[in-house]
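*Asks:*
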Amino acid sequence: MAIQGLGPVGGFGSGTAALERALVTAASCPHLTPVPSFSADTAGLEAFVERKTLRRMDHFSRMAMLGAFLALEDAGRLTAGRERLGLVLASGYGAARTTFAFLDSSMDHGDVCASPTSFSTSVHNAAAANIAIVLDLHGPTITVSQFELSVPSALLTAGQWLTAGRVDAVLFGSVDEFCPVIEYGLQRLHADQNPPPPQSSPGGTVPPGEGAVFFLLTRVGEESRYGVITDIRLGTVANGEPRIATDAVVVVNDQRGAMDADTTAPVPAPAPPRAVSYTPVYGRLPVGPAFDMAIAALACRHGLTAATRNHAEPAAHPIPPPSHLLNAPSITCLVLGRDNTFGLITSSGRG
124 MAIQGLGPVG GFGSGTAALE RALVTAASCP HLTPVPSFSA DTAGLEAFVE RKTLRRMDHF
184 SRMAMLGAFL ALEDAGRLTA GRERLGLVLA SGYGAARTTF AFLDSSMDHG DVCASPTSFS
244 TSVHNAAAAN IAIVLDLHGP TITVSQFELS VPSALLTAGQ WLTAGRVDAV LFGSVDEFCP
304 VIEYGLQRLH ADQNPPPPQS SPGGTVPPGE GAVFFLLTRV GEESRYGVIT DIRLGTVANG
364 EPRIATDAVV VVNDQRGAMD ADTTAPVPAP APPRAVSYTP VYGRLPVGPA FDMAIAALAC
424 RHGLTAATRN HAEPAAHPIP PPSHLLNAPS ITCLVLGRDN TFGLITSSGR G
């Protein structure tokens, strides 16, 4: 699949320029809330959508909507026809904050007086539905939720649609929001764990994050602005899997232990030759691999000097990467999940 447009939204800001700035300067920082987190600002959405349309739209849908518009704008297709444009959305938790708000209203006021607005926007497909309505999409729409493997799983669907000719392009996106209730539960889960989980898991050094990343994808035959996605795999860490090219840069998103207290899954063997982590830029969240995809796409386009750190180091703060990161023939985004599972997305600028 060829990447034509990119729309990132997160604690670093919104748009590719904001993401690049955070990568170069490591300027992304947690906001002071009861639980420090990388919070996303959706104020920029009003440049694309009227306020009256946004009035009943929750934060979850607004992040996704902003990411979708930014990707279309970046690709120069804001006004292009959308008759054969599909929409695939990945989310690990869905509209968690809105879901708990609905449950609170039900417990406080009873079923009869529970908030109908919170209920309608709490379903996982609400963000995709809002995007499809506002953009007037006529192609297929689906939301995929598989916790930490949501991004590679949903990306497989996008690729199948393009291969089968169901659509001419796919607006592929991912979104997750920070939810204090979930964060509290995860912290309690790991309260007595020693040693703590990996750096991208609760108890590690990286605060939780939220945000959305969207990509406009077309078939490989078309000229690509951000490189091409050459491989997508899901599997179990065993018998030498996942197999990764020895000359590839590997962007690791380690989510082992994010959903349970068992973090004993072995690190893939053979170990990635050049493994880095960008989680300190956007925070930890189930759809973090999509942010890694966006960073890989930027690197495939024109290279960048990104703030990162060696995956094996326990340092809490990012450090500049080795220079060979910029000249790698391919970049593999690897997510490690619970029960020894993994997802792998490889992209290259040589499409």
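Going by the working numbering, the sequence shown opens with residue 124, and the numbers climb by one from there.
The beta-carbon is built from N, C-alpha and C at its ideal position, and this holds for glycine as well.
Here the structure is a predicted model, which is why all the values come from computation and not from measurement.
1) Please state the DSSP three-state secondary structure of T469.
2) Which runs of the alpha helix (DSSP H) at least 4 residues long sit entirely within the stretch 200–274? Give them in chain order.
3) Helix, strand or coil for S137 per DSSP?
4) Can you tell me whether DSSP reads F301 as helix, strand or coil?
5) What does the alpha-carbon distance come out to for the pair V329 and T402?
6) Label G130 either buried or exposed according to how many other C-beta atoms from any shown protein chain fall within 10 Å of its C-beta, with 16 as the threshold for buried.
7) Does DSSP classify P393 as helix, strand or coil?
8) Which of the three DSSP states, helix, strand or coil, is assigned to T286?
9) According to the neighbour-count rule (16 or more other Cβ atoms, all chains shown, within 10 Å of its Cβ), is T464 buried or exposed?
10) Could you give the first and the last residue of the continuous beta strand (DSSP E) run that contains D354?
11) For G334, which of helix, strand or coil comes out of DSSP?
12) Quick check: what's the CA-CA separation for F337 versus A187?
13) May I have the straight-line CA-CA distance separating D134 from F414, to the nearest angstrom?
14) What residues match up with L457 in a beta bridge as DSSP calls it?
15) Below 7 Å between beta carbons: does that hold for V410 and S273?
*Replies:* Reading it off the structure:
1) Of the three classes helix, strand and coil, the one that applies to T469 here is strand, per DSSP.
2) 219–232, 239–245, 249–258
3) strand
4) coil
5) 7 Å
6) buried
7) For P393, the predicted structure reports a pLDDT of 39, less than 50, and the residue's modelled location is therefore unreliable. A value from the coordinates is still provided. Here P393 sits in coil by DSSP.
8) helix
9) Buried, since its Cβ has 16 or more Cβ neighbours within 10 Å.
10) Secondary structure note for D354: its beta strand (DSSP E) is the uninterrupted segment 351–359.
11) strand
12) For F337 and A187, the distance between alpha carbons rounds to 8 Å.
13) Reading off the sequence shown, one finds Gly at residue 134, where the question assumed Asp. The alpha-carbon atoms of G134 and F414 are separated by roughly 12 Å.
14) V375, L467
15) Yes, the pair counts as a contact, with Cβ atoms nearer than the cut-off.
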